[in-house]
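Numbering (this note's numbering), first residue to last: 7 to 227.
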């Protein structure tokens, strides 16, 4: 990590990935609440949907830390080299050529029909999913089919996230120092907070991909 701009990408995005994956039930899936290095899921496949997003990139790294394999990522193929060689994904399924509805079949092909028991969705795709996220309720159909769905409010300083948050902040500096967790790529935009409004149309129109836009609020346009 070489700059404050890079460091700024960690707190919210990493926490949003870490809490639902690592924190103990019922807050999260409980994969490794104490960051125990002996815990691993070797041979268990994992899937990250929207793996090119900042949160998705941290989810990939968490799965790699836990030794999931294969780690399948649904993202733009233009990020394949970075997602595989730098972050640890094993397969990138191109979202521009494989529709989301066809993703299950592609995943089955990669895993040779082995079930994927852990999936991280880093992007909301449907209006009903947005409504569920806003009222904090999981998908009832998924629950009825034996699946467990975890939402996240990514603040480690509130209950019930506080206990895990304390452990996470204690462990995270070493994980970054050792290169296990890497910061996301950034694009530092000049002009301070005044530049935010100029960047919004680009963001809303899909002009930001695979990087985090960062602004220095102390700058004056």
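Where is the CB? At the ideal position from N, CA and C, for every residue including glycine.
Use the C-beta contact count for residue i: other C-beta atoms within 10 angstroms, 16 or more gives buried, fewer gives exposed.
i           : result
residue 216 : buried
residue 58  : buried
residue 31  : exposed
residue 43  : exposed
residue 103 : exposed
residue 91  : exposed
residue 167 : buried
residue 171 : buried
residue 135 : The predicted position of residue 135 is uncertain, since its pLDDT is 47 and thus under 50; no value can be drawn from it.
residue 212 : exposed
residue 180 : exposed
residue 164 : exposed
Among the options, which has the Cα closest to the Cα of residue i?
i           : options               : result
residue 88  : 60, 177 and 107       : 60
residue 110 : 91, 129, 207 and 80   : 80
residue 101 : 202, 113 and 91       : 113
residue 20  : 201, 96, 177 and 120  : 177
residue 22  : 127, 86 and 117       : 127
residue 119 : 52, 173, 171 and 98   : 52
residue 225 : 214, 200 and 208      : 200
residue 152 : 123, 180, 166 and 159 : 123
residue 106 : 49, 55 and 159        : 55
residue 28  : 179, 203 and 169      : 169
residue 121 : 184, 159 and 78       : 78
residue 214 : 188, 66, 84 and 9     : 84
residue 93  : 82, 115, 69 and 50    : 69
In its own chain, which residues sit with a C-beta less than 7 Å from the C-beta of residue i, not counting the 5 before and 5 after it?
i           : result
residue 141 : Per-residue confidence for residue 141 stands at a pLDDT of 48, beneath the threshold of 50, marking its modelled position as unreliable; the derived number appears in the next sentence. For residue 141, where only same-chain residues beyond five positions count, there are no Cβ hits under 7 Å.
residue 156 : 26, 34 and 35
residue 205 : 195 and 219
residue 41  : 173 and 177
residue 48  : 73 and 75
residue 192 : 11, 12, 15, 217, 218 and 220
residue 158 : 22, 25 and 26
residue 161 : 167
residue 137 : A caution first: residue 137 carries a pLDDT of 49, below 50, which makes its placement in the model too unreliable to give a value.
Hey, could you find the ends of the alpha helix (DSSP H) residue i is sitting in?
i           : result
residue 113 : 109-117
residue 11  : 10-13
Where do the N-terminal and C-terminal ends of the beta strand (DSSP E) with residue i fall, by residue?
i          : result
residue 25 : Taken as a continuous stretch (DSSP letters only), residue 25 belongs to no beta strand (DSSP E), being part of the alpha helix (DSSP H) at 17-28.
residue 2  : One cannot answer for residue 2 here, as it falls past the ends of the chain, which runs 7 to 227.
Less than 6 Å between C-beta atoms, sequence neighbours within five positions excluded: which residues of the same chain meet that for residue i?
i           : result
residue 186 : 71
residue 99  : 80 and 112
residue 190 : 15, 60, 63 and 218
residue 86  : 98
I'd like the list of long-range same chain contacts for residue i, defined as Cβ closer than 8 Å, with 5 residues on each side in sequence excluded.
i           : result
residue 223 : 198 and 199
residue 45  : 37, 38 and 72
residue 270 : Within the shown structure, residues of the chain are numbered from 7 to 227, placing residue 270 beyond reach of any answer.
Quick one: does the C-beta of residue i sit closer than 6 Å to a heavy atom of the ligand ZN?
i           : result
residue 115 : For the structure depicted, the ligand ZN is absent and the ligand set is empty, with no information on it obtainable.
So, is the C-beta of residue i closer than 7 Å to a C-beta in chain D?
i          : result
residue 46 : Absent from the structure is chain D; it holds one protein chain and no more.
Entirely enclosed beta strand (DSSP E) segments - the stretch 31-101, minimum 3 residues: 52-55, 77-81 and 97-100
In chain order, each beta strand (DSSP E) run of at least 3 residues that lies wholly inside the stretch 141-227: 192-195 and 218-221
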